[in-house]
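Here the structure comes first, spelled out in structure tokens, and everything after it is commentary.
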Amino acid sequence: MGSEFMGDIVDAIEKSDLVLFISSVNSNASHNVAKEISIADKFKKTILPVRIDDAP
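Residue numbers (numbering that gives the first Met the number 0): 0 to 55.
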């Protein structure tokens, strides 16, 4: 299940025009979120960050 889910995320990022990154204390600490943002950068996607708390 996990490997299929990650493949689906990669496919969705690749097909997207924009990646919305919801920045929070928890999302910034997430290893998976970091990987997803890295994948978006690899595919040269526009990444739109939105901060929802006081996380740096």
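C-beta atoms are modelled at their ideal positions from N, C-alpha and C, and glycine is treated no differently. These numbers were taken from a predicted model, which means no experiment stands behind them.
- Its Cα nearest to that of residue 45, the residue 18 stands out among 18, 10, 25.
- Going by C-alpha positions, residue 50 is about 26 angstroms away from residue 6.
- Cβ-Cβ separation between residue 22 and residue 54: approximately 6 angstroms, consistent with a contact (criterion under 8 angstroms).
- A distance below 8 angstroms between beta-carbons, with the five flanking residues on each side excluded, links residue 47 to the following residues of its chain, in chain order: 17, 18, 19, 20.
- Per DSSP, residue 37 lies in no beta strand (DSSP E) segment; the continuous alpha helix (DSSP H) that holds it begins and ends at 30-41.
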